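Read the structure below first, then the notes.
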């Protein structure tokens, strides 16, 4: 009895100590990373898939009990006869998608990135990638986009997938990227993996002279002091950090690399082969993702260039509210700005 | 609705002519497999001999295909999930006229179209790359869905082994096929009771196999997989009773490793069988003697 009292007392004092700063709530599985008041677009993947399917009758959709959570439900409603619910069975999801592609269809198969990369890898590898089938994998919750902990945080999905021959990997920044990528994924011959952003997705790249081209990196803004190479939602943060750094009289260029594999080394190396501070930014572990892709390109080309990674640490991450976690692990704009200023001394 | 499964008695008895024709095909498949095994000196000959009657029933009686155009859109699909059974499948493809008989001697050699483990990217008529066990039925489900969506009347037959019943993905697919009412899908399970590490019952007990498939909603029949008449009857039952009502079907085939060659039937069962140089001719002679004895019986 005394033990229980002591434990309760300890918990109470812990709560009292933290009341100075109210704790944020983890909230729903899929937390929004849009800033308050930011322009967003609802379910860009689902609507883009419907549009692509209107133009190409070979397109079909599958999911493993995550239609609503991957925006596949938009497609299911528009094309019920071309939508296939496979149940919470990711191995069947990928095997069946392969079988459908073998009959001439173009499947888009959705699940969470953790299940695509960890649970059903062998099926994606041998049934889809080895025969080079046009199957498009849609992975929800890439990197750190949920506060539910390692079971749902696909912090190493790109590291896992980069070693798979034939697989194209796309890490879109926003709704513009997703809308423009979907028809290109359908049109490309081999398998693809899209790191999905779903729900109310920030709309950012419409402010720039930009179009998504599969396999291409694009320079979004020029800058003479620092060059950011970024992918995924970190391109949004890179652009915000560039604006913030301008107030410190630091001029930052941003190169967006939405296609991680095959990687547009030529465009990126042309930007890195200068005296500017080079920084990679990714929503992924520092192991095996954008940083190592860039580092590999730099070394292969013989450039003696230091590259500073901004990425998630090589560890299993905490549960919690997304803003808290992005701040904790260095993905927030404030942390990016501080890191760059420290590097510049 | 419920349909009585384990319907071993065929709706109509296959004619003797039909049975003899398939038995002859099975004999040739076994002969090809022995010749291929001799090239390697060892291998999965035991499995090929055991499965020869199943393969003969499929290729010589059931499948619609065009030998000169293996990718013909209207073909039925036969998916070999057990990649190491490729030796038997190549023999069946030769029997079907899809692979030249003369090419069989390249089995497992460098630059051959006939690798040790079956792959779709190497061999005409090979629909999938098997080998990573538990994949075949998942792909078969997708093919059956895709063909039906495109109003094709083609069927999908997936050959798997009792060892593959260890894999959870097989049961994901079994549920999916029933949920989506895939009457155009048939699974054939080779129950040779043998896995890589020993007898199936000592590796991971899969029985009761019949009840498992039945409870997953499949039209389930269990037959002697080395009895051609029973195999044909099972296919006839499926066409009459399961396919028309959208029920996936499975034929559980109890087979004997090394079937048709007493020297190998009685040898200690092995997943990867070693056969001495001087034994191959004995095997062929025993096979022929047994077949001719059966044929004249």
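Residue numbers (my numbering), protein chains in the order written: chain A, 6 to 350; chain B, 968 to 1264. C-beta atoms are modelled at their ideal positions from N, C-alpha and C, and glycine is treated no differently. All values reported here derive from a predicted model rather than from experimental measurement.
Report task. Identify every residue that forms a DSSP beta bridge with residue 261(A). Result -> Bridge pairing for residue 261(A): 223(A) and 235(A) [DSSP].
Query raised in the report: Out of 320(A), 343(A), 337(A) and 336(A), which has the shortest C-alpha to C-alpha gap to residue 154(A)?
Result: It is 320(A).
Query raised in the report: Since residue 991(B) is in the alpha helix (DSSP H), which residue starts that stretch and which ends it?
Result: Boundaries of the alpha helix (DSSP H) around residue 991(B): 983-1007.
Requested in this report: With 8 Å as the threshold, decide whether the Cβ of residue 1146(B) is near any Cβ in chain A.
Outcome: Answer yes: the Cβ-Cβ gap between residue 1146(B) and chain A drops below 8 Å somewhere.
Query raised in the report: Where does residue 1233(B) land, buried or exposed, given buried means 16+ other C-beta within 10 angstroms?
Result: Label assigned to residue 1233(B): exposed.
Query raised in the report: Under 8 Å Cβ-Cβ, which residues of chain B neighbour residue 92(A)?
Result: Per Cβ cutoff of 8 Å: 1139, 1142, 1143 and 1146.
Report task. Could you check the C-alpha separation between residue 1211(B) and residue 1076(B) for me, to the nearest Å? Result -> Per the coordinates, the alpha-carbon of residue 1211(B) lies some 44 Å from the alpha-carbon of residue 1076(B).
**Report entry** Residue from 1108(B), 1160(B), 1141(B) and 1242(B) whose Cα sits closest to the Cα of residue 105(A)
**Finding:** With distances taken between CA atoms, residue 105(A) lies nearest to 1108(B) out of 1108(B), 1160(B), 1141(B) and 1242(B).
Query raised in the report: Apart from the five residues just before and just after residue 1230(B), which ones in its own chain have a Cβ nearer than 7 Å to its Cβ?
Result: Answer for residue 1230(B): 1246, 1249, 1250 and 1253, listed in chain order.
Report task. Determine the closest residue to residue 117(A) out of 144(A), 108(A), 123(A) and 213(A), with distance taken between C-alpha atoms. Result -> Comparing Cα-Cα distances from residue 117(A) to each of 144(A), 108(A), 123(A) and 213(A), the minimum goes to 144(A).
Query raised in the report: Sorted by chain position, which residues of the same chain lie with C-beta nearer than 8 Å to residue 293(A)'s C-beta, five sequence neighbours on each side aside?
Result: Contacts found: 161, 163, 164, 165 and 167.
Query - Contact between the stretch 26-40 of chain A and the stretch 168-175 of chain A (3+ Cβ pairs under 8 Å) - result: By the Cβ criterion, the stretch 26-40 of chain A is not in contact with the stretch 168-175 of chain A, since fewer than three pairs of Cβ atoms, one from each stretch, lie closer than 8 Å.
**Report entry** Span separating the alpha-carbon of residue 335(A) from that of residue 328(A)
**Finding:** Going by the C-alpha atoms only, they are around 11 Å apart.
Query raised in the report: Whose C-alpha, out of 136(A), 102(A), 110(A) and 182(A), is nearest the C-alpha of residue 125(A)?
Result: Taking the Cα of residue 125(A) as reference, the smallest distance to any Cα among 136(A), 102(A), 110(A) and 182(A) is reached at 102(A).
**Report entry** Residues near residue 1061(B) by beta carbon distance below 6 Å, same chain, minus five either side
**Finding:** In its chain, beyond the 5 residues on either side, 999, 1068 and 1071 have a beta carbon closer than 6 Å to the beta carbon of residue 1061(B).
Query raised in the report: Can you name, in chain order, every residue of its own chain whose Cβ lies under 6 Å from the Cβ of residue 1157(B), other than the five neighbours on each side?
Result: Short of 6 Å from the beta carbon of residue 1157(B), and not among the five residues preceding or following it, lie these beta carbons of its own chain, in chain order: 1018, 1128, 1220 and 1222.
Query - Contact residues within the stretch 162-174 of chain A, judged by C-beta distance below 7 Å to chain B - result: Those residues of the stretch 162-174 of chain A placed with their C-beta closer than 7 Å to a C-beta in chain B do not exist.
Query - Below-8 Å beta-carbon distance, residue 999(B) vs any chain A residue - result: With a threshold of 8 Å between beta carbons, residue 999(B) makes no contact with chain A.
Query raised in the report: Helix, strand or coil: how does DSSP classify residue 1158(B) here?
Result: Collapsing the DSSP output to three states places residue 1158(B) in a strand.
Query raised in the report: Which stretch, first to last residue, makes up the alpha helix (DSSP H) that contains residue 161(A)?
Result: Premise fails: residue 161(A) is in no alpha helix (DSSP H) and is neither H nor E.
Query raised in the report: From residue 1016(B) to residue 1225(B), what distance separates their C-alpha atoms?
Result: One alpha carbon belongs to residue 1016(B), the other to residue 1225(B), and they sit about 5 Å apart.
**Report entry** is_contact[residue 101(A), chain B] using C-beta, thresh 8 Å
**Finding:** With 8 Å as the cut-off, residue 101(A) counts as an interface residue toward chain B.
Query - Distance CB(residue 981(B))-CB(residue 1200(B)) smaller than 8 Å - result: A contact, by the Cβ cut-off of 8 Å.
Requested in this report: Give, in chain order, every unbroken run of the beta strand (DSSP E) that is at least 3 residues long and sits entirely within the stretch 40-99 of chain A.
Outcome: Within the stretch 40-99 of chain A, complete beta strand (DSSP E) segments of at least 3 residues are found at 45-47, 64-68 and 88-90, given in chain order.
Report task. Locate the beta strand (DSSP E) running through residue 200(A), then write down its first and last residues. Result -> Where residue 200(A) is concerned, the enclosing beta strand (DSSP E) starts and stops at 197-200.
Query raised in the report: Distance, Cα to Cα, residue 970(B) vs residue 1214(B)?
Result: Because residue 970(B) carries a pLDDT of 42, less than 50, the predicted location of this residue cannot be relied on, and the following value inherits that uncertainty. As the crow flies, the alpha-carbon of residue 970(B) is around 10 Å from that of residue 1214(B).
Query raised in the report: Cβ atoms of residue 317(A) and residue 285(A): under 8 Å apart, would you say?
Result: Cβ atoms of residue 285(A) and residue 317(A): not closer than 8 Å.
Query - Opposing strand residues paired with residue 1128(B) [DSSP bridges] - result: Beta-bridge pairing links residue 1128(B) to 1157(B).
Query raised in the report: Any idea if residue 9(A) is buried or exposed, counting beta-carbon neighbours within 10 angstroms, 16 or more meaning buried?
Result: The pLDDT assigned to residue 9(A) is 39, lower than 50, so where the model puts this residue is not dependable; a value taken from the coordinates is nonetheless given after this. A residue is called buried when at least 16 other Cβ atoms come within 10 angstroms of its Cβ; residue 9(A) does not meet this threshold and is exposed.
Query raised in the report: Can you tell me whether residue 1031(B) is buried or exposed, with buried defined as 16 or more other CB within 10 angstroms of its CB?
Result: A residue is called buried once 16 or more other Cβ atoms fall within 10 Å of its Cβ, and residue 1031(B), having fewer, is exposed.
Query raised in the report: Can we say the stretch 89-100 of chain A touches the stretch 1096-1116 of chain B, given the rule of at least three CB pairs closer than 8 Å?
Result: Contact between the stretch 89-100 of chain A and the stretch 1096-1116 of chain B is present, because at least three Cβ pairs lie under 8 Å.
Report task. Between the Cα of residue 84(A) and those of 35(A), 74(A), 56(A) and 159(A), spot the shortest distance and give me the residue it belongs to. Result -> Nearest C-alpha to residue 84(A): 56(A).
Report task. Return the chain-ordered list of same chain residues with a C-beta closer than 6 Å to the C-beta of residue 383(A), the five sequence neighbours on each side being excluded. Result -> As shown, chain A starts at 6 and ends at 350. That puts residue 383(A) outside it, with no answer to give.
Query - 6 Å Cβ shell around residue 995(B) - same chain, five flanking residues per side excluded - result: So the list reads 1062, once near-sequence residues are dropped.
Requested in this report: Quick one: using the 10 Å Cβ neighbour count with 16 as the cut-off for buried, is residue 1266(B) buried or exposed?
Outcome: Past the edges of chain B, shown from 968 to 1264, lies residue 1266(B), and the structure says nothing about it.
Query - Length of the line joining the Cα atoms of residue 1206(B) and residue 1148(B) - result: Residue 1206(B) and residue 1148(B) have their C-alpha atoms spaced approximately 15 Å apart.
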